[in-house]
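*Asks:* This is the structure, below, for whatever I ask next.
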Amino acid sequence: MNEYLLFGLIGFGAQLIDGGLGMGYGLISMTALMAFGVAPSMASAGVHTAEIVTTAVSGLSHMMFKNIDHNLFRRLVIPGILGGIAGAHLLTKAPEQLIKPFLMIYLFVMGIYIIYKAFQQSSLSERIRNYILYKLLRREKPAQKIHRLIPLGFAGGFLDAAGGGGWGSIVNSALLAQGEPPRYTIGSVNLAEFLVTTSISATFFSTIGLKHWPVIIGLILGGALAAPISAYMIRIIPAKILMITVGTLIILLSLRTFFMLLLG
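Letter by letter, the sequence shown follows residues 5 to 268 in the numbering used here.
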């Protein structure tokens with residue numbers, strides 16, 4: 005199969021899911037690219053370069069609608085950038101035979117985590133507790149404390165660069181679990197993701213150069229074609245079904261690649 009067509013199909017499928025869920029593009033693309041033999045560093049570089057445009061549009065849109073908590077954004081973005089640069093450097097310096105099994109384990113765990121989130125529902129008692137503590141009593145949320153945000157941002161950026169995706173899944177989930185308002189959490193995390201993604205891409209460009217244009221072009225064109233379809237899908241397919249589908253796909257592809265590494 006022509007490589008542009010192959011990478012276009014991967015981008016199409018990843019965007020189809022991401023457009024309906026708001027997450028999963030990087031994880032699906034990274035898992036699929038590695039399953040088809042693309043080197044980890046090249047796969048992550050291609051995914052993040054393709055994501056620059058989408059994260060820029062998303063971040064600017066949230067700014068226009070005033071969905072940004074500037075305090076939260078500032079505390080996340082710098083450690084996120086530093087973590088992303090560190091993760092990208094690790095991926096380019098570590099031997100492929102050494103890093104691939106660890107990446108497959110990470111992607112496998114993320115697949116399980118997505119399925120878990122599909123079945124997880126916030127209990128009524130937890131909602132009442134969050135409302136009393138953080139709305140009525142005005143306590144500072146644990147997630148807003150700087151000593152917790154710095155490691156969260158760094159870990160999110162590092163794993164996103166090294167694993168090809170996961171910033172939104174990791175950071176958003178951690179903040180929302182602490183009772184953060186979804187509007188400002190998602191907006192702030194998305195805006196930070198643009199700068200984190202740009203720094204990761206710049207790191208890859210400075211270390212391995214521009215050797216992955218087929219991956220970039222294929223992912224961008226495939227994603228562009230899928231965007232309007234995914235916008236319609238979200239109206240007719242429940243998010244829970246999409247999340248289970250994404251998690252299962254990531255698990256199966258990561259297991260396939262892992263066993264191929266063991267046998268090959």
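For each residue, glycine too, the CB sits at the ideal point set by N, CA and C. In this text the structure is predicted, and so the values were computed from the model without any measurement.
Write down the C-beta distance between Ile224 and Gly15 rounded to the nearest angstrom, noting that I regard them as a contact closer than 8 Å.
*Replies:* 7 Å
*Asks:* When the Cα atoms are used, what is the spatial distance from Gly168 to Met34?
*Replies:* Distance between the alpha carbons of Gly168 and Met34: 5 Å.
*Asks:* Take the Cβ of Gln19 as the centre, count every other Cβ of all protein chains shown within 10 Å, and call the residue buried at 16 or more, exposed below.
*Replies:* buried
*Asks:* Is the CB-CB distance between Val193 and Ile32 below 8 Å?
*Replies:* no
*Asks:* So, Ile190 versus Asn176, is the Cβ gap smaller than 8 Å?
*Replies:* yes
*Asks:* Helix, strand or coil for Pro99, going by three-state DSSP, please let me know.
*Replies:* coil
*Asks:* Going straight from the alpha carbon of Gly172 to that of Ala90, what length do you get?
*Replies:* When rounded, the distance between both Cα atoms is 18 Å.
*Asks:* Please specify which runs of the alpha helix (DSSP H), each continuous and at least 4 residues long, are wholly inside the stretch 203-268, giving them in chain order.
*Replies:* 217-240, 243-267
*Asks:* Buried or exposed: where does Ala258 fall if 16 or more other Cβ atoms within 10 Å of its Cβ makes it buried?
*Replies:* For the sequence presented, residue 258 should be read as Ser rather than Ala. Buried is the call here.
*Asks:* Check for me: the alpha helix (DSSP H) holding Met270 runs from which residue to which?
*Replies:* Since the displayed the chain opens at 5 and closes at 268, residue 270 lies outside it and no answer follows.
*Asks:* In angstroms, rounded to a whole number, what distance separates the CA positions of Leu256 and Phe106?
*Replies:* 16 Å
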